[in-house]
Every structure is written in C-alpha cells, then in structure tokens.
Amino acid sequence: MYYRSQPVSVHVLWIESPSKENLYLVIGRQRAILIDAGLGVGHLRAFVENLTSLPLTVLLTHGHIDHAPGATEFGKVYLNSADQALYRSQCSLADRQGYLKGNLRNRYEELTAGSFVEADPNKYFAELTDGMIFDLGEVHVQAVAFPGHTAGSTAFLVEEDRLLITGDCCNNFTFLFGPEAAPVEAYRETVVQVRDRLTGRYDRIFVSHHGPELPVTLLDEMIELCDQVLAGDTDDVPFSFMGMKATIAKKMDTTFRRSDGKAANLVYSKSKIHKALACTL
1 MYYRSQPVSV HVLWIESPSK ENLYLVIGRQ RAILIDAGLG VGHLRAFVEN
51 LTSLPLTVLL THGHIDHAPG ATEFGKVYLN SADQALYRSQ CSLADRQGYL
101 KGNLRNRYEE LTAGSFVEAD PNKYFAELTD GMIFDLGEVH VQAVAFPGHT
151 AGSTAFLVEE DRLLITGDCC NNFTFLFGPE AAPVEAYRET VVQVRDRLTG
201 RYDRIFVSHH GPELPVTLLD EMIELCDQVL AGDTDDVPFS FMGMKATIAK
251 KMDTTFRRSD GKAANLVYSK SKIHKALACT L
C-alpha cells in the first residue's frame, strides 16, 4: 500500500506517504482540506477520495520537492507566492525520481512503478497568506506564516482541535541550511513571534517528518536551541544532504531523538547563523 492513514483528533487524519512524509487531512461538515501533497507518487488523490467525498482544497506548507509536486493531481491548491519559484525548480520527474531512489533504495521499483504524476511547472497556485482562515463547517484552519526553512513556509492551526501543524517549519530535524533558508538569528525571531501569537491556542503539535507528533514544548525548545547555536553551545555533528554540507546542532540517535531527551533540533550552515553575516556571504 502506498499510503496509510490514522485519525489523530476529532477532525484530523494523519497520512503517511511512501517515503515517510506526513500529510494531514482535515475533514469538516461541508469541506475538507489536505495539508501537503507529497512528491506526486502513489495516486494520492484516489487515496484521499476513499477517505472523504467532500469538496477538497489543498494547502501546501512550502514548495519543496517532498511536499508540493503532488499538487498537480488536485484542483484548487494554495501556496505562498514566496515558494512558487522553489516549487517550479524542484517538480521535474527526474528530480523526484532521484530523490525517491535515494530515500527508498531497494524498495524504489516496488513502490513507484508507473505511479508518478506528471510534472507541471506551470501549475496555478492560489495565494496563501498569513492569517487566512478556511471554514470547513464545524472546524476552521488558520494559515500562520512561519518563514525560515523556506521564505514561504506556512504552519496551520486547526482551531477547534487545538492542533498545530508545523510541517518542516519547526520539527526535530529542521533544515536551515539551503539557499532558500533564513539565518538562525532571523529564524529565532520568527519562532518567538509564532510562539507568542499562538500561546494558549493549541495543545498538540504535528510535523512533516518523523513524529508525526512532537511535544507541545517544541517551539520553546527551538528558541532555546537557536540561542545555543548563537552562543556556540552545540554538539555540531557533520551532515551532508544532496551535495550540501551542514551541521546538526545536537546529537541524536537513529530515530532522530536528541541524546538529551529534548525534541527540537536544527540542521544549519555555519555561514548562515547571524543575519548580517549571512547577507554578506
């Protein structure tokens, strides 16, 4: 089976993709929302239509290869405009095949044969902006701008379920080293703003990789970790990904659990710590 699903709250289903990304289906009385669309493999639309017959809208947390290309299967899709060029640069079939081969290894042929959706670099996206509220009937989903991992990264608050979906914006292995990522110092400011804005409005946090659920203290832990990076108080484990070199802030085990028991972790670039320094490099 390509996808599997499991309820995590009254209105939210967690969906796991073939390459282990976490997607979320929010089902209201009148409409449904799918948060993220994955790589575009494994007939996601058919899977979702077996879960709900309600009119469906797709919201993308950001434009990366493992979250957005599956949007071509769907009609109305929202993505922040700051990430639309990023989507176009990573949606090709060749790029997606290469990414999945690296992730699935010996299961690649079994899980992907004949199941890729066509690339559509000209896909139209409705503009996703901070503060937008989607009324699904008995449940509301609010978009929360959360730049850092990418410029257009967006988290989603499922209001009635008191559930925050941070995607790749903030998790236990947050990438903050690519050319599209913000410096750690700027990212810290964003996490503080989101934390303060949403204080008291959620009891649970769900993410796009691993997890799917992480402790509700995640944002506070991330702020603390950013402070440690800025102070040079980190373990600094070398890391490489798709030809890029980076540094893991805190030691962890093979299941991405920090050795000290905390949840938040950063993978960052030594050249993108302070705002002024990053701007001059």
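Going by full-length UniProt numbering, the residue at position 107 of the sequence shown is 107; the numbering climbs one at a time, nothing skipped.
All C-beta atoms, glycine included, are put in the ideal place defined by N, C-alpha and C.
The model shown is predicted, which means the values in this text are computed figures rather than measured ones.
Beta-carbon to beta-carbon, Ala71 and Leu60 are separated by about 6 Å, close enough to satisfy the 8 Å threshold.
Per DSSP, Asn50 is one residue of the alpha helix (DSSP H) stretching across Leu44 to Leu51. Out of Ala246, Ala186 and Ile205, the CA that lies nearest to the CA of Ile223 is found in Ala186. For Leu219, the uninterrupted alpha helix (DSSP H) run begins and ends at Leu218 to Ala231, by DSSP.
Asp135 has His140 as its beta-bridge partners, per DSSP. Its chain contains Arg258, Ser259 and Asn265 as the residues whose beta carbon lies nearer than 7 Å to that of Met252, once the 5 sequence neighbours on both sides are disregarded; these appear in chain order. In this structure the segment 234 to 243 does not touch the segment 148 to 155; the number of beta carbon pairs closer than 8 Å is below three. The beta carbon of Phe74 sits closer than 8 Å to those of Leu34, Ala37, Arg45, Leu56 and Val58, all from its chain and outside the five residues before and after it, given in chain order.
Pairing Leu218 with Cys169 gives a Cβ-Cβ distance that is not under 8 Å. Shortest Cα-Cα distance from Met132 to any of Tyr268, Tyr78, Tyr24 and Thr52 involves Tyr78.
In the same chain as Pro69, and ignoring 5 residues on each side of it, the C-beta atoms closer than 8 Å to its own belong to Ala37, Gly38, Leu39, Gly40, Tyr87, Gln90, Cys91, Arg96, Val117 and Ala119, in chain order. Between the alpha carbons of Thr255 and Arg201 lies a gap of roughly 29 Å. If you look at Thr174, you'll find it in the beta strand (DSSP E) that goes Thr174 to Leu176.
DSSP, read as helix, strand or coil, puts Ala71 in helix.
Boundaries of the beta strand (DSSP E) harbouring Ala32: Ala32 to Ile35, taken from the DSSP string. If you draw a straight line from the Cα of Gln30 to the Cα of Leu54, it comes to about 7 Å.
Arg197 and Asp220 do not touch by the CB rule: their CB atoms are close to 14 Å apart, not below 8 Å. Taking 8 Å as the cut-off, the Cβ atoms of Asp66 and Glu21 count as close.
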